[in-house]
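Encoded as structure tokens, the structure appears first; notes follow it.
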Amino acid sequence: MAPHFLSLNLASFIIFSLILTSSAADDDLQFEFMDAAAALNQARQFQSPVTSGIRLGSGEYFARIGVGRPSKDFYMVVDTGSDISWLQCQPCSTCYDQADPIFNPSASASYRSLPCASPQCSALEVSACRTDSCLYQVLWINRDSSSSSTLEFNSARAADAVLAPLLTNPRINTYHFVALTGINVGGRPVNFSPDLLAIGGGGRGGVIIDSGTAVTRLRSEVYNSVRDAFAGMARDLPAASGFSLFDTCYDLSRMTTVRVPTVSLQFAGGKAVALRPSNFLIPVDDGGKYCFAFAGTSGSLSIIGNVQQQGTRVSYDLANKVIGFSPNKC
């Protein structure tokens, strides 16, 4: 079977180097008082705009969220790979710079500190007590992105969605694990064992989908095979030196359109999600350097990042334990 190719129009790109920057909060340990609202809103359908963090000097997706009573709006990162919501609170001696004023708990009628015996505190892996208030520790690893879309809750998934099973990890329920079984390049399956993407003994490994990670990270054995397959079919493109975490880059400064091999993600059940060229070959500077937007990781956990999700409507159907991928028609 002849390999499959697509055309990539280079004139329509915005420089994507911002995905590799990090804010002062990334890689730091954050210690904050754990707080909660006094009243919980009943679940209902609503929508919230999700915007790029470019003008905020960051690479994440941001939503404008009201906190406290009376409500004060804050930019907050939308991250499906994190299991808590948090923001910086006064008093704060080591806060990093942010666009909004620091949240003032004393000005909110709904603020209260959670006691140490609360279920939320005891569920944390790292927590402590101070004056009967729960303290927690969070390590937020650098995971950046750069795009904009709409976040919608309680809506039906698209009828034309490619459905992939959501998996249960016996070790941790924080993340959305998906049954990714393979990756196709140029219409051909890349040769690696599906076991490398499966949840292994003790709940280790597997594949999660995460809006807060920029580019897809694959365990090294899988990544090396995917990269080599892509590079082999893209050998007519002029090679360039690597850039940051990317090791497969091209100098496309003299071109306006290029021909690139197709890339698709194969899920359990035989369905595949075809990526657009802009989902896997991205500009990283203003000099015409483009890089293959996948990266390897030394760990066993693989992550489908938001670059590969852009232009796609991603529907989380937790009740039926499936995730849907369909063209974004917004």
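Taking mature numbering (1 follows the signal peptide of the UniProt record, and there is no 0), I'd label the letters of the sequence shown as residues -24 to -1, 1 to 306.
The beta-carbon is built from N, C-alpha and C at its ideal position, and this holds for glycine as well.
For GLN66, the closest of ASN80, TYR72, VAL54 and GLN74 by C-alpha to C-alpha distance is ASN80. ALA155 places its beta carbon less than 7 angstroms from that of PRO141.
By the Cβ rule, the stretch 34 to 53 counts as touching the stretch 81 to 98, because three or more pairs are nearer than 8 angstroms.
CYS92 carries a coil assignment under DSSP once its states are collapsed to helix, strand and coil.
In this structure, the alpha-carbon of GLY275 lies about 37 angstroms from that of MET231.
Rounded to the nearest whole angstrom, the C-alpha separation of ALA250 and LEU241 is 7 angstroms. Partner residues in the beta bridge of TYR51, as assigned by DSSP, are ARG40.
According to the DSSP assignment, VAL298 belongs to the beta strand (DSSP E) that extends over 298 to 303.
Distance from the CA of LEU90 to the CA of PHE256, rounded to the nearest whole angstrom, comes to 44 angstroms. With a 10 Å radius around the Cβ and a threshold of 16 neighbouring Cβ atoms, LYS297 comes out exposed. Sorting VAL53, ASP223 and PRO253 by C-alpha distance to the C-alpha of THR288 places PRO253 at the top. As computed with DSSP, VAL154 is found in a beta bridge with LEU142. When the alpha-carbon of VAL191 is set against those of ALA269, ARG203 and ILE185, the nearest one is in ALA269.
Selection GLY188, ARG203, LEU294 and GLY208 evaluated against MET52 yields GLY188 as nearest (Cα-Cα). LYS48 and ASN160 have their C-alpha atoms some 47 angstroms from each other.
Note on the stretch 164 to 192: there is no whole alpha helix (DSSP H) run with a minimum of 4 residues. By the 16-neighbour rule on beta-carbons within 10 angstroms, ILE148 is exposed.
Excluding sequence positions up to five before and after ALA215, its CB lies within less than 7 angstroms of the CB of TYR226, all in the same chain and listed in chain order.
For ALA250, the secondary structure class from DSSP, reduced to helix, strand or coil, is strand.
Straight through space, the alpha carbons of LEU173 and LEU194 are spaced by roughly 9 angstroms. Here SER217 is exposed, its C-beta having fewer than 16 other C-beta atoms within 10 Å.
In the DSSP assignment, SER196 falls within the unbroken alpha helix (DSSP H) covering 196 to 209.
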